[in-house]
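Q: Residues 22 to 294 in this note's numbering are what the sequence shown lists, from first letter to last. Structure provided below as structure tokens; questions to follow.
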Amino acid sequence: MSMKLIRFRSAGKTLKGKLNEDGTASLLLYSDAADPVFPLELAFGEERLRIDRLLAPIVPVDILAIGLNYREHAAERNETSPPVPMLFIKAGNTLNHPGADIVHSPRTTQLDYEGELAVVIGRDAKDVRREHALEYVFGYTCANDVTARDWQRERNLGGGQFARGKSFDGFCPLGPCLVTADEIPDPQALRIKTFVNGELRQNALTSDMIFDVPALIESLSSTMTLRAGCVILTGTPSGAGFAFDPPRWLKAGDRVRIDIDGIGSLENPVVAG
Ligand code: MG
Numbered sequence: 022m023s024m025k026l027i028r029f030r031s032a033g034k035t036l037k038g039k040l041n042e043d044g045t046a047s048l049l050l051y052s053d054a055a056d057p058v059f060p061l062e063l064a065f066g067e068e069r070l071r072i073d074r075l076l077a078p079i080v081p082v083d084i085l086a087i088g089l090n091y092r093e094h095a096a097e098r099n100e101t102s103p104p105v106p107m108l109f110i111k112a113g114n115t116l117n118h119p120g121a122d123i124v125h126s127p128r129t130t131q132l133d134y135e136g137e138l139a140v141v142i143g144r145d146a147k148d149v150r151r152e153h154a155l156e157y158v159f160g161y162t163c164a165n166d167v168t169a170r171d172w173q174r175e176r177n178l179g180g181g182q183f184a185r186g187k188s189f190d191g192f193c194p195l196g197p198c199l200v201t202a203d204e205i206p207d208p209q210a211l212r213i214k215t216f217v218n219g220e221l222r223q224n225a226l227t228s229d230m231i232f233d234v235p236a237l238i239e240s241l242s243s244t245m246t247l248r249a250g251c252v253i254l255t256g257t258p259s260g261a262g263f264a265f266d267p268p269r270w271l272k273a274g275d276r277v278r279i280d281i282d283g284i285g286s287l288e289n290p291v292v293a294g
């Protein structure tokens, strides 16, 4: 049985629980607001609750993200694979929810999507060797590493570092659910697809990652503590909007959907800002 953990709004409250196959939720029992993720012992109530709205399944303590981590994506940017993972950070204001608007700020003319597998760290990880790395993973969800490409790249916009172009409000939709690590024994065996208005734009296997999830945890935890509740966006495959000629930037009215095997679909509309 698949365990899909969610946060959701129901009857005016923000709750944690699991998604049932009939679209209702079962309330998580013994939840503690101080839990950075979900408690290790999961127990659920009998009652079936209506979901008014799904929320991002976790409020991350940090949002770490990896650039150039798929072989084909690195190739389409004419960049060689880096010797260590290329880390950047998205600010907390970027957190966004399943179905919620991606606001197209008038400050950017190059709004882009990046479908990604997101890893949720379950306990503090420091100096973790790759053979133990997956023991620190609580679970997985889908992410859209929304990007203002102009602010990421152009020197006159402060580009070169990624923080600003990656951290407009709402630039990190997560969801629709958090699937526990025991349900995904091999995170490198997942199909990831991104659709814009139903058109397939990205279609890859996570086995194409240059640095797999254990390698990312080993490398990142060698210089920083990956705290419980930290989310790592593992990089995007080829087929983001910039890679087309001419580029296919997102515009108001578009809908972006990211599907990952065994997790589900994260869909967000783009609206004018
Ligand atoms: Mg990315």
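The C-beta atom is built at its ideal place from N, Cα and C for all residues, glycine as well.
(1) Using a Cβ-based criterion (distance less than 7 Å to any ligand heavy atom), does Gly256 qualify as near the ligand MG?
(2) How is Gln182 classed by DSSP in three states: helix, strand or coil?
(3) For the ligand MG, is there any heavy atom lying closer than 7 Å to the beta carbon of Gly308?
(4) Is it buried or exposed, Asp203, if we count other Cβ atoms within 10 angstroms and call 16 or more buried?
(5) Between Leu287 and Val252, how many whole angstroms is the CB-CB distance? I'm expecting something under 8 Å.
(6) Looking only at its own chain, which residues have a Cβ that is under 7 Å from the Cβ of Val58, when we skip the five neighbours before and after it?
(7) Output the distance between the C-alpha atoms of Arg176 and Ile238, rounded to the nearest integer angstrom.
(8) Measure the beta-carbon distance from Thr227 to Leu138 and round it to whole angstroms, keeping in mind my assumption that it falls under 8 Å.
(9) Alpha carbon to alpha carbon, how far is Leu271 from Ser52?
(10) Quick one: Cα of Glu62 to Cα of Ala264, how far?
(11) Return the bridge partner residues of Ala139 from the DSSP annotation.
(12) Distance, Cα to Cα, Gly88 vs Leu221?
(13) Rounded to whole angstroms, how far is the Cβ of Pro258 from the Cβ of Ile213, which I believe are closer than 8 Å?
(14) Say whether the region 171–185 touches the region 120–132, bearing in mind that this needs 3 or more beta-carbon pairs closer than 8 Å, one atom from each stretch.
(15) If we count the other Cβ atoms within 10 Å of its Cβ and call it buried at 16 or more, is Gln223 buried or exposed?
(16) Answer yes or no: do Leu309 and Arg30 have a C-beta to C-beta separation smaller than 8 Å?
(17) The alpha helix (DSSP H) spanning Ala96 covers which residue range?
(18) In angstroms with no decimal places, state the Cα-to-Cα distance between Asn218 and Thr162.
(19) Tell me whether Glu137 counts as near the ligand MG, meaning its Cβ is closer than 7 Å to at least one heavy atom of that ligand.
(20) How about Ser242 and Lys147: do their beta carbons lie closer than 8 Å?
(21) Under DSSP, the beta strand (DSSP E) around Ile123 begins and ends at which residues?
(22) For Gly191 versus Val124, is the C-beta distance shorter than 8 Å?
(23) Does the Cβ-Cβ distance between Leu116 and Cys193 come in under 8 Å?
(24) Can you say whether Thr35 is buried or exposed, counting buried as having 16 or more other CB atoms within 10 angstroms of its CB?
(25) Taking Pro194 as part of the beta strand (DSSP E), name the residues at either end of that continuous run.
(26) Please state if the CB of Ser188 and the CB of Gly294 are separated by a distance shorter than 8 Å.
(27) Between Asp133 and the ligand MG, is there a pair consisting of the residue's CB and a ligand heavy atom that are separated by less than 7 Å?
(28) Ordered along the chain, which non-local residues of its own chain (more than five positions away) have a Cβ less than 8 Å from that of Gly181?
(29) Let me make sure I understand the geometry here. Which of Leu178, Pro267, Ile284 and Pro235 has the alpha-carbon closest to that of Tyr157?
A: The relevant details are as follows:
(1) Indeed, a heavy atom of the ligand MG lies less than 7 Å from the Cβ.
(2) DSSP, read as helix, strand or coil, puts Gln182 in strand.
(3) Since the first residue shown for the chain is 22 and the last is 294, residue 308 is missing from the structure and cannot be characterised.
(4) Looking at its Cβ environment, which holds fewer than 16 other Cβ atoms inside 10 Å, Asp203 is exposed.
(5) Wrong, their Cβ atoms sit about 13 Å apart, outside the cutoff.
(6) Non-local C-beta neighbours of Val58 in its own chain, meaning closer than 7 Å and more than five positions away in sequence, comprise Ile79, Val141, Gly143, Phe159, Ala249 and Gly250, ordered along the chain.
(7) A straight line joining the alpha-carbon of Arg176 with that of Ile238 spans about 31 Å.
(8) Contact between Thr227 and Leu138 is confirmed by a C-beta separation of about 6 Å, below the 8 Å threshold.
(9) Cα to Cα, Leu271 sits roughly 38 Å from Ser52.
(10) Taking the straight line from one Cα to the other gives about 44 Å.
(11) The secondary-structure analysis by DSSP pairs Ala139 across a beta bridge with Thr162 and Leu254.
(12) Those two C-alpha atoms are separated by around 22 Å.
(13) About 6 Å; that satisfies the 8 Å criterion.
(14) Under the three-pair Cβ rule at 8 Å, the region 171–185 counts as touching the region 120–132.
(15) Its Cβ being crowded by 16 or more others within 10 Å, Gln223 is buried.
(16) No statement about residue 309 is possible, as the shown extent of the chain runs from 22 to 294 and does not include it.
(17) Per DSSP, the unbroken alpha helix (DSSP H) holding Ala96 starts and ends at Arg92 to Glu97.
(18) Cα to Cα, Asn218 sits roughly 21 Å from Thr162.
(19) Indeed, a heavy atom of the ligand MG lies less than 7 Å from the Cβ.
(20) The answer is yes: Cβ separation under 8 Å.
(21) Where Ile123 is concerned, the enclosing beta strand (DSSP E) stretches over Ile123 to His125.
(22) Against a cut-off of 8 Å, the Cβ pair of Val124 and Gly191 comes out as a contact.
(23) Contact: yes.
(24) By the 10 Å Cβ count, Thr35 comes out exposed.
(25) Start and end: Cys193 to Thr201.
(26) Result no, Cβ atoms of Gly294 and Ser188 do not sit closer than 8 Å.
(27) Checking every heavy atom of the ligand MG against the Cβ of Asp133, none is found closer than 7 Å.
(28) Excluding the 5 residues flanking it on each side, Gly181 has same chain C-beta neighbours closer than 8 Å at Arg174, in chain order.
(29) For the residues Leu178, Pro267, Ile284 and Pro235, the minimum Cα distance to Tyr157 belongs to Pro235.
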